[in-house]
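Visitor:
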Amino acid sequence: MNQNPDKNENKSLWHGRFLEQSADELQQLNNSISYDIRLFSQDIEGSRAHAKMLQSIGVYSEGELSEVLFALDQVEEEIRSGSFEVLPTDEDVHTYVERRITEITPSGARLHTGRSRNDQVATDLRLWTKQALTDVARMAISLQRVLLEKVIEVDGAVLPGYTHLQQAQPVPLGHHLLAHGWAISRDVERLLQAITRMDVSPLGAGAMAGSSVPLDVDSVAKDLHFSRVFDNSIDAVSDRDFVADALYVLALLGVHLSRIGEEVILWSSTEFGYVELSDSYSTGSSMMPQKKNPDIAELARGKSGRLIGNLAGFLATLKGLPLAYNKDLQEDKEPLFDAVDTILKILPAVTGMISTATFQVEEMREQALSPYLATTDLAEWLVQRGMPFREAHAVVGGLVARSLSEGVALADLISMDENLGEEAVALLKPENLLNSKKTHGSASLGKLDEQIKRFEKKIISDEDQL
Ligand code: ARG
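Given below as structure tokens:
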């Protein structure tokens, strides 16, 4: 895109009312073309649909419509190939496209009939966001599929589950990985819901009150593949809930990727030693030769901050706005574009990092089989023999305290205990420990297959909706 600062003699869209040219300072602040040019194909698509509808109601003849459609194709090609020149009076993508169409054919001057940039920008941005969220959903599903592959690959692996980052109870590694997978699954669900909610055409709302020209809003909506038409012209041009929805869904997805990142950072440390990242998804140090750093995981964690910032900032922009359109709404695009660009960089990097990572299953297993992690099961074993849980908790807790203070193996204390004995010691055997849980969705190796099936089924049903 070339900026031509000298050609300011071009007329602004409102030149009829104004005697003087716009000040440079106004243009510097007001112009959004440097970033909203990204909406060019949606803008041109919207104009094609609007022009066809104008022909159907007699504003354009067949011949004029062909001229306008030809001009729209040409402008699209110019922008796509980068061979276009922006003038200071080209405030935004809508202004630019209209100017060029009108330079190519005088019929361009009728294109804005019954239309305002207010309903135009709302239309363009909805079309763009629908596509962007679809792309994000596809990538999020790829991450789910990689998690699923890993779950199958590490079949039988176990690690300590944590609460308060203290070892809690042994869990299958697959169960832990699927916990992240289900969070991403909810993100995909939210993306699909947001897409459905924003699937409303605002075109025909005009500046804010509709039009006295008998526009066919339904045919335009259909042409643009919107499933519904707005109900209220004021709401149609003021509503940016769809941007806020998108920012929230992306921020939460970013938070989930950040939590995955945080665990990869911990697990890849020498102290944990649970995962080894591939060289191609790690970085080194410029000074310390031994270092291998999990930068992708750290950036997933770090960039979630700006995703949250984009949401919070945009809600602050919206909160004081009177109806209907206000120029503040132009501030919808940069946070949205930034959030989509950011997530589209994090997602594939995290996906690649996980698919190429090697889990150190021996280290994990060694930690998972610590007898202390079996103590909840021991207490439940007593409960199943009639002891109230609170009492059972205290009995087992007493043995843990003695084992730690006297340095005696927990198994020996269990076997000597009058309430527990040899039968209870068997609970510490790996195969018992890893299959002790009976409840739905629990952390038992034997329960994992059912969960894997449910997870895969959900992926397939979400894919069908895309
Ligand atoms: N560039 C503007 C935006 O993004 C387009 C709408 C301009 N409307 C207006 N009444 N000035 O919101």
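For the record, in the sequence shown the residue sitting at position 250 is 244 according to the working numbering, with numbers rising by one throughout. No residue lacks a Cβ here, since even glycine has one placed at the ideal position from N, Cα and C. Here the structure is a predicted model, which means the values were calculated and not measured.
(1) In angstroms with no decimal places, state the Cα-to-Cα distance between Gln187 and Arg132.
(2) Got a sec, what are the start and stop residues for the alpha helix (DSSP H) Tyr90 sits in?
(3) Identify the residues that DSSP records as bridge partners of Phe64: which are they?
(4) When we look at the beta-carbon of Trp122 and count the other beta-carbons within 10 Å, is it buried (16 or more) or exposed?
(5) When we look at the beta-carbon of Asn24 and count the other beta-carbons within 10 Å, is it buried (16 or more) or exposed?
(6) Since Leu439 and Pro166 are thought to touch, with beta carbons under 8 Å apart, how far apart are those beta carbons, to the nearest angstrom?
(7) Between the stretch 193 to 212 and the stretch 150 to 163, do at least 3 Cβ pairs fall closer than 8 Å?
(8) So is Glu425 buried or exposed if we call it buried at 16+ other beta carbons inside 10 Å?
(9) Could you confirm whether any beta carbon from chain B is found closer than 9 Å to the beta carbon of Val402?
(10) Would you tell me roughly how many angstroms separate the C-alpha atoms of Gln138 and Ser349, rounded to the nearest one?
(11) Measure the alpha-carbon distance for Lys1 versus Asp239 and round it to whole angstroms.
(12) Buried or exposed, going by whether 16 or more other CB atoms sit within 10 Å of the CB of Gly52?
(13) With C-beta atoms as the reference, is Tyr268 less than 9 Å away from Ser262?
(14) Just how far apart, CA to CA, sit Lys286 and Thr277?
(15) Using DSSP bridges, identify the partner residues of Asn287.
(16) Between which two residues does the alpha helix (DSSP H) containing Ala333 stretch?
(17) Assuming Ser298 and Gly346 make a contact with CB atoms under 8 Å, what is their CB distance in whole Å?
(18) At which residues does the alpha helix (DSSP H) containing Gln361 begin and terminate?
(19) Could I get the ranges of all uninterrupted beta strand (DSSP E) runs contained in the stretch 155 to 198, with 3 residues as the minimum, in chain order?
(20) In terms of alpha-carbon separation, which member of Ala173, Ala215, Arg104 and Pro164 lies closest to Glu39?
(21) Measure the CB-CB distance between Thr83 and Ser16 and report whether it falls below 9 Å.
(22) May I ask you to check if the CB of Arg111 is nearer than 8 Å to at least one heavy atom of the ligand ARG?
(23) Between Ile31 and Ile95, which are expected to be in contact by the criterion C-beta below 8 Å, what is the C-beta distance as a whole number of angstroms?
(24) Pull up the CB-CB distance for Val87 and Asp37, whole angstroms please, since I reckon it's below 8 Å.
(25) CB Met202 to CB Ala318, shorter than 9 Å?
(26) I need the DSSP call for Leu153, collapsed to helix, strand or coil.
(27) Of the residues Ile453, Thr433 and Glu357, which one's Cα is nearest the Cα of Val140?
(28) Report the three-state DSSP secondary structure of Arg11 (helix, strand or coil).
(29) With a cut-off of 8 Å, do at least 3 Cβ pairs link the stretch 51 to 68 to the stretch 215 to 226?
(30) Between the C-alpha atoms of Leu246 and Gln49, what's the straight-line distance to the nearest angstrom?
(31) How do the stretch 225 to 234 and the stretch 312 to 328 stand: do at least 3 beta-carbon pairs fall below 8 Å, yes or no?
(32) If you run the structure through DSSP and keep just helix, strand and coil, what is Lys451?
(33) What does Thr352 pair with, by DSSP beta-bridge criteria?
(34) Taking only three categories from DSSP, how would you classify Val223?
(35) Assign Lys1 to one of three DSSP states: helix, strand, or coil.
(36) Compute every distance between the C-beta of Ala437 and the non-hydrogen atoms of the ligand ARG, then say whether any falls below 8 Å.
Guide: Reading from the atomic positions:
(1) 14 Å
(2) Val87 to Ile98
(3) Paired residue(s): none; Phe64 is not in a bridge.
(4) buried
(5) exposed
(6) 5 Å
(7) no
(8) exposed
(9) Here chain B cannot be found, since the structure has a single protein chain.
(10) 11 Å
(11) In this predicted model, Lys1 has a pLDDT of only 49, less than 50, meaning its place in the structure is not dependable; the value taken from the coordinates is given anyway. The alpha-carbon atoms of Lys1 and Asp239 are separated by roughly 40 Å.
(12) exposed
(13) yes
(14) 6 Å
(15) Thr277
(16) Lys327 to Ser349
(17) Not confirmed; about 18 Å, so no contact.
(18) Val355 to Ala362
(19) 160 to 166
(20) Ala215
(21) yes
(22) yes
(23) Contact doesn't hold; Cβ gap of about 15 Å is too wide.
(24) 5 Å
(25) yes
(26) strand
(27) Ile453
(28) coil
(29) no
(30) 45 Å
(31) yes
(32) helix
(33) Glu270
(34) strand
(35) Here Lys1 scores only 49 on pLDDT, less than 50, and its place in the model should not be relied on; the value that follows carries that caveat. Note: Lys1 maps to coil in three-state DSSP.
(36) no
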